[in-house]
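Chains as they are written, first to last, in numbering that gives the first Met the number 0: chain A, 0 to 264; chain B, 0 to 264.
Beta carbons: idealized from backbone N, C-alpha and C, even for Gly.
Below is one structure, written out as structure tokens; the observations come after it.
Number of protein chains: 2
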Amino acid sequence: MSIEFFDNFKNSKDYVQSLDRGLQVLQSFTTENQLLSVSEVASITGLSRPTARRILLTLEYLGFVFANHGKYALTPKIVTLSNAYLSAQSSSWQFAIPFMQNFANTTGESSSISILDGDKIIYVARVSKKRIMSINLDIGSQLPAFATSMGQVLLAHLPEGELREILKDLNLVKFTENTVESKEELITILKDVQEKGWAGVDQQFENGLRSIAVPIINQQGKVVAAINCSVHAGRVSTEELRNNFLPLLKETSRKIGDLCPIRSY
Amino acid sequence: MSIEFFDNFKNSKDYVQSLDRGLQVLQSFTTENQLLSVSEVASITGLSRPTARRILLTLEYLGFVFANHGKYALTPKIVTLSNAYLSAQSSSWQFAIPFMQNFANTTGESSSISILDGDKIIYVARVSKKRIMSINLDIGSQLPAFATSMGQVLLAHLPEGELREILKDLNLVKFTENTVESKEELITILKDVQEKGWAGVDQQFENGLRSIAVPIINQQGKVVAAINCSVHAGRVSTEELRNNFLPLLKETSRKIGDLCPIRSY
């Protein structure tokens, strides 16, 4: 889709303004703003009060929000919107599970696959040696890309323009002592990750959590996801991760990537 | 909100039809139908082809779908819509974590809290003795209510009319040998669960998985969630679950419920 499309679309007769506004209203609810009045929604979205009110009433009628003492909140129905996407993603990575299982059995550690969404990674597959059950409750979880090994791998392989856009608005939350502190430091890390073909993160997101990740490259040579191995810092050293686990992780990634069909995303 | 509101809303001037239609289009994508053409979306939603096309173009412009060879698919952006809800839910149950942690430490098993959404349960908190890390990747996972102990507890405490609505459209997927096979059997189980105040599920959803659950009752006496303990069937017997774990689970639930403020949902 062309740049012109995006520049002019809002003026075209195909633009459905009410849908855009409705989705803006849904996105105005956040962890910090769970309960919003009509006026607050109007103020956050920039919509007029009557427009915000009509949209909220429609969303209430459709079951996506509920009203309580003059404030609105999202309902669980909003989860069903993303569930179709997540179960589709999960099923499209199902083929990778046996390879990940083999990795987990050999190393005794867990492995995950994730894709990039803006400045976040989304888990699409996960296998744990310790896990008894096959139900995967982790799919769809989001973590900040910059502080995770899979995220650093995915950011490192972005086209420069896209990376610049993400870095521009990036909020470098200081999760631990080891968290990357500046965009300059992050850019240096990402260059290194791109050159060596893997990322290692030592307790940058959470104390006690250490991981390595490599890209999954599809049949067309494009990075489509990342696969990691995460371990308890008290149990596995960074050297052990790199020397013992990285070669097998690379091999696992290659096997999965070789089966990845060419897709446009 | 009154019944009249729902009956007449579509004819009122407050109804934003394009928003309703846009959300219908988003919901037409499923695991089975990940890629849809304009005509297919029109056929699933009952919208005209030109309307479906305008909505898809708008959703593409907004980043919620992408087009590839004449077919549309959802993008990860759809997950951000539900993320606000889920992180809000997760943070609103954060206060329960220490009680769950105490349960997990005492029993050596994991415990979760979930809420009901139609015929599914949604995980809102989870603590595992075995889990080293505090990041909770499980929040937002959905499981079928009828085949899980938390789901049976939540269904058992629904008002009769609401339960009837859910049972009407319920698809009793046969997950294991032990899965409930008929609506009559399920109703008998739910009556029993309501009377005794807890549910026990032995490998009805997945072989090797056994769990018990009790309701979480808020300060107003209303069931607002369920809490469970799930174990490996090979390690913990149903008797052990009931005799050793149930009393502590009830006590944990009572402590959490006593802190649950009165909310309208």
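Buried versus exposed call for residue i [16 or more other C-beta atoms within 10 Å across all chains shown]
{"i": "HIS68/B", "result": "exposed"}
{"i": "PHE227/B", "result": "This sequence places Asn at residue 227/B; Phe is not what is there. ASN227/B comes out buried."}
{"i": "GLN203/B", "result": "buried"}
{"i": "VAL40/A", "result": "buried"}
{"i": "ARG20/B", "result": "buried"}
{"i": "ARG209/A", "result": "buried"}
{"i": "LEU73/B", "result": "buried"}
{"i": "GLU184/A", "result": "exposed"}
{"i": "SER11/A", "result": "exposed"}
{"i": "VAL223/B", "result": "buried"}
{"i": "ASN242/A", "result": "exposed"}
{"i": "GLY139/A", "result": "buried"}
{"i": "PRO75/A", "result": "buried"}
{"i": "SER133/B", "result": "Its pLDDT being 44, under 50, SER133/B is placed unreliably by the model, and the measurement read from it follows with that caveat. Exposed."}
{"i": "VAL152/A", "result": "buried"}
{"i": "THR105/B", "result": "exposed"}
{"i": "GLU180/A", "result": "exposed"}
{"i": "GLN88/B", "result": "buried"}
{"i": "VAL200/A", "result": "buried"}
{"i": "GLU205/A", "result": "buried"}
{"i": "ARG163/A", "result": "exposed"}
{"i": "VAL172/B", "result": "exposed"}
{"i": "ASN170/A", "result": "exposed"}
{"i": "GLU108/A", "result": "buried"}
{"i": "ARG253/B", "result": "exposed"}
{"i": "ARG234/B", "result": "exposed"}
Residues near residue i by beta carbon distance below 6 Å, same chain, minus five either side
{"i": "ILE255/B", "result": "ALA95, PHE98 and ILE215"}
{"i": "PHE8/A", "result": "TYR14"}
{"i": "THR187/B", "result": "none"}
{"i": "GLN141/A", "result": "LYS119 and ILE121"}
{"i": "TYR264/B", "result": "In this prediction, TYR264/B scores a pLDDT of 41, lower than 50, which makes its location untrustworthy; no coordinate-derived value is stated."}
{"i": "ALA212/B", "result": "SER148, MET149, VAL152, ALA198, ALA225 and ASN227"}
Residue i: contacting residues in chain A (beta-carbon distance under 9 Å)
{"i": "ARG209/B", "result": "Within 9 Å Cβ-Cβ: nothing; ARG209/B doesn't reach chain A, min ~11 Å."}
{"i": "ILE114/B", "result": "PRO75"}
{"i": "ALA155/B", "result": "Simply none; closest approach about 19 Å."}
{"i": "ALA103/B", "result": "Those within 9 Å of ALA103/B in chain A number zero; the least Cβ separation is about 15 Å."}
Same chain, Cβ closer than 7 Å to residue i, neighbours up to 5 away in sequence not counted
{"i": "SER38/A", "result": "ARG48"}
{"i": "ILE131/A", "result": "Residue placement at ILE131/A is poorly supported in this model, since its pLDDT is 43, which falls under 50; the coordinates still yield a value, given next. Same-chain partners within the cutoff: there are none."}
{"i": "LEU258/A", "result": "PHE94"}
{"i": "HIS156/A", "result": "GLN193, PRO214 and VAL222"}
Segment limits, alpha helix (DSSP H) that includes residue i
{"i": "PHE98/A", "result": "96 to 106"}
{"i": "GLN23/B", "result": "16 to 26"}
{"i": "ASN67/B", "result": "Run containing ASN67/B: none in the alpha helix (DSSP H); it sits in the beta strand (DSSP E), 64 to 67."}
{"i": "PRO143/B", "result": "Segment 141 to 143 is the beta strand (DSSP E) holding PRO143/B; no alpha helix (DSSP H) there."}
{"i": "ARG253/B", "result": "245 to 257"}
Contact list for residue i against chain B, beta-carbon separation under 8 Å
{"i": "PRO97/A", "result": "The premise fails here: PRO97/A is roughly 18 Å from chain B at the closest Cβ pair, so nothing lies under 8 Å."}
{"i": "PRO260/A", "result": "Here the premise fails: no neighbours, minimum Cβ distance about 12 Å."}
{"i": "ARG48/A", "result": "Within chain B, no residue comes near ARG48/A; the closest Cβ sits about 13 Å away, beyond 8 Å."}
{"i": "ILE165/A", "result": "Those within 8 Å of ILE165/A in chain B number zero; the least Cβ separation is about 14 Å."}
Contacts of residue i in chain B (Cβ-Cβ under 7 Å)
{"i": "GLY139/A", "result": "VAL78 and GLY139"}
{"i": "LEU25/A", "result": "LEU80"}
{"i": "VAL15/A", "result": "SER17, GLY21, ARG53, ILE54 and THR57"}
{"i": "SER90/A", "result": "THR30"}
{"i": "ALA87/A", "result": "THR30 and GLN33"}
{"i": "ALA198/A", "result": "Result: empty, since nearest Cβ-Cβ is about 18 Å, beyond 7 Å."}
Endpoints, beta strand (DSSP E) assigned at residue i
{"i": "ASN116/A", "result": "For the sequence presented, residue 116/A should be read as Asp rather than Asn. That run of the beta strand (DSSP E) goes 109 to 116."}
{"i": "LYS12/B", "result": "It is not in any beta strand (DSSP E) - LYS12/B carries neither H nor E in the DSSP assignment."}
{"i": "VAL126/B", "result": "119 to 126"}
Spatial neighbours of residue i in its chain, beta-carbon cut-off 8 Å, leaving aside the 5 residues before and after
{"i": "THR57/B", "result": "GLY21"}
{"i": "ASN101/B", "result": "THR251"}
{"i": "HIS231/B", "result": "GLY207, LEU208 and ARG209"}
{"i": "LEU55/B", "result": "VAL24, VAL37, VAL40, VAL64, ALA66 and TYR71"}
{"i": "GLN33/B", "result": "ALA72 and LEU73"}
Proximal residues of chain B, C-beta to C-beta of residue i below 9 Å
{"i": "THR240/A", "result": "A quick correction: the sequence has Leu, not Thr, at residue 240/A. Within chain B, no residue comes near LEU240/A; the closest Cβ sits about 15 Å away, beyond 9 Å."}
{"i": "GLN202/A", "result": "Correct list: empty, because the minimum Cβ distance to chain B is about 11 Å."}
{"i": "SER71/A", "result": "Per the sequence shown, residue 71/A should be read as Tyr rather than Ser. Those do not exist, as TYR71/A stays about 12 Å from chain B at its closest Cβ, beyond 9 Å."}
{"i": "ILE121/A", "result": "PRO75 and VAL78"}
Contact list for residue i against chain A, beta-carbon separation under 7 Å
{"i": "PHE8/B", "result": "TYR60"}
{"i": "ALA212/B", "result": "Correct list: empty, because the minimum Cβ distance to chain A is about 16 Å."}
{"i": "ALA124/B", "result": "In chain order: nothing, as chain A lies at least about 12 Å away."}
{"i": "ALA146/B", "result": "Simply none; closest approach about 11 Å."}
{"i": "ALA224/B", "result": "Here the premise fails: no neighbours, minimum Cβ distance about 12 Å."}
Practice task
Could you tell me which uninterrupted beta strand (DSSP E) segments, each at least 3 residues in length, are contained entirely in the segment 153 to 221 of chain B, listed from first to last along the chain?
Solution key: 198 to 201 and 208 to 216
*In chain order, each beta strand (DSSP E) run of at least 3 residues that lies wholly inside the segment 31 to 78 of chain B*: 64 to 67 and 70 to 73
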